[in-house]
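S.K.: Supplied in structure tokens, the structure appears directly below.
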Amino acid sequence: MNRQAFLKLVTEYILTSVPQALIYYLDNFAIRMKKGDYWIDLSLENFYRGFCRQTPLLRQQYVAEVLAPFIKDLKRESGVNHQDVKDNLQRVYPIIVGAQEAREIATTKLAEGLFVAYVLDEGMRIFFLDEPTVKKLDVSLARIHQIALDNFLRDLVRPLQLFDEQRGIYGFNYGDTYDSSRLLSLVLAPGQHGLSTNRPLPVMIPNRDVVLLCYSLEESYLRQALMIGRSSFLNNPYPVSGKVYQLYQGTVLPVTLAW
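The letter at position 63 of the sequence shown is residue 62 when you use numbering that gives the first Met the number 0, and the numbering goes up by one with no holes.
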């Protein structure tokens, strides 16, 4: 199925489910769904790729599952609320964000310039929990933090990827929403990644899509890794931090290198 046919399929499904809805076609293969004063945008690129990976018998079910939260919101003409979060705490996960992104959402400080934020994952979209939502949950932020960590360790831990064997550069770049979060698995479960906790390891979290771990302490290799990290920080729409951190015995601390 080509993109145009997929666009038609998605449009027909939405309008069949919510006949009063309006659909607008946006640039870059996206749509806007609107009912009343409520509207929400959906980029179709990942949706389309996921659809193409399904067998023909499962494609209709896949479309229904992806669009279900959007259909729900359109019908009630409002977005995610605290009750949605309360009913789906098993799908609350942590995301590592930088200082700028942490301003209007509920966070727990991880290190200087690094914060743990919390999202309700609804498949093709995530909803950041803000402080008013957490207050309405009648659950402490510390409890939300622990729930998110437990869910993360249950569902989202992945093996370290080898980026550059010669230079000893490892990290995470799986292309999903939670690559920055996987710093937490290095902190909480270093043994799962075969990491020694007896010496500090330089690490960078330049954006939500990558974590860089420098296993070699050779200065020339470190320099190259840091150049990659800082470039990724400057040229990404979801920057986290351009700083270098030190991962050591379950702590993350910013460090200043002598060179």
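Even for Gly, the Cβ is constructed at its ideal location relative to N, Cα and C. Source: prediction; values computed, not measured.
For the pair the segment 45-52 and the segment 98-106, tell me if three or more CB-CB distances fall below 8 Å.
M.R.: Between the segment 45-52 and the segment 98-106, the count of C-beta pairs closer than 8 Å stays below three; the two stretches do not touch.
S.K.: Quick one: grab the DSSP three-state call for residue 98.
M.R.: coil
S.K.: On the premise that residue 170 lies in contact with residue 211, defined as a C-beta separation below 8 Å, what is that separation, rounded to the nearest angstrom?
M.R.: 5 Å
S.K.: In its own chain, which residues sit with a C-beta less than 8 Å from the C-beta of residue 8, not counting the 5 before and 5 after it?
M.R.: 0 and 62
S.K.: Please classify residue 4: is it buried, with 16 or more other beta-carbons within 10 angstroms of its beta-carbon, or exposed?
M.R.: exposed
S.K.: Whose CA, out of 178, 197 and 37, lies closest to the CA of residue 20?
M.R.: 37
S.K.: Taking only the alpha-carbon atoms, compute the straight-line gap between residue 258 and residue 132 and give it to the nearest angstrom.
M.R.: Unreliable placement is indicated for residue 258, whose pLDDT of 48 sits below 50; no coordinate value is reported for it.
S.K.: Let me check understanding here. Comparing Cα to Cα, which of 188, 176, 110 and 236 lies closest to residue 121?
M.R.: 176
S.K.: I want to know whether the segment 126-145 touches the segment 183-200 - three or more CB-CB distances under 8 Å.
M.R.: no
S.K.: Got a sec, what are the start and stop residues for the alpha helix (DSSP H) residue 46 sits in?
M.R.: 44-52
S.K.: In this structure, does DSSP put residue 34 in helix, strand or coil?
M.R.: strand
S.K.: Kindly indicate the opening and closing residues of the alpha helix (DSSP H) around residue 186.
M.R.: 182-187
S.K.: Do the segment 181-190 and the segment 151-169 meet, that is, are 3 or more Cβ pairs less than 8 Å apart?
M.R.: Yes, they touch.
S.K.: Classify residue 116 as buried or exposed, calling it buried when 16 or more other Cβ atoms lie within 10 Å of its own Cβ.
M.R.: By the neighbour-count criterion, in which 16 or more other beta carbons inside 10 Å mark a residue as buried, residue 116 falls on the buried side.
S.K.: Please report the Cβ distance between residue 179 and residue 207, rounded to the nearest whole angstrom; I am assuming they are in contact, meaning their Cβ atoms lie under 8 Å.
M.R.: 5 Å
S.K.: Let's see if you can read the secondary structure: which residues bound the alpha helix (DSSP H) around residue 132?
M.R.: 130-136
S.K.: Would you please state the rounded distance, in angstroms, between the beta carbons of residue 34 and residue 73? I believe it to be under 8 Å.
M.R.: 5 Å
S.K.: Residue 226 to residue 94, Cα distance in whole Å?
M.R.: 24 Å
S.K.: Anyone know if the C-beta pair for residue 162 and residue 205 falls short of 7 Å?
M.R.: no
S.K.: Name the residue from 239, 23, 70 and 25 whose alpha carbon lies nearest to the alpha carbon of residue 16.
M.R.: For the residues 239, 23, 70 and 25, the minimum Cα distance to residue 16 belongs to 70.
S.K.: Only counting the same chain, and skipping five residues up and downstream in sequence, which positions put a Cβ closer than 6 Å to that of residue 23?
M.R.: 31
S.K.: Starting from residue 160, follow its DSSP beta bridges and name the residues at the other end.
M.R.: 170
S.K.: Distance check for residue 78 and residue 43, CA to CA, integer angstroms please.
M.R.: 19 Å
S.K.: Rounded to whole angstroms, how far is the Cβ of residue 81 from the Cβ of residue 136, which I believe are closer than 8 Å?
M.R.: 5 Å
S.K.: Rounding to the nearest angstrom, what Cα-Cα distance links residue 40 and residue 102 in this structure?
M.R.: 23 Å
S.K.: In this structure, what does DSSP give as the bridge partners for residue 68?
M.R.: Its beta-bridge partners do not exist; DSSP assigns none.
S.K.: Where do the ends of the beta strand (DSSP E) carrying residue 115 lie?
M.R.: 113-120
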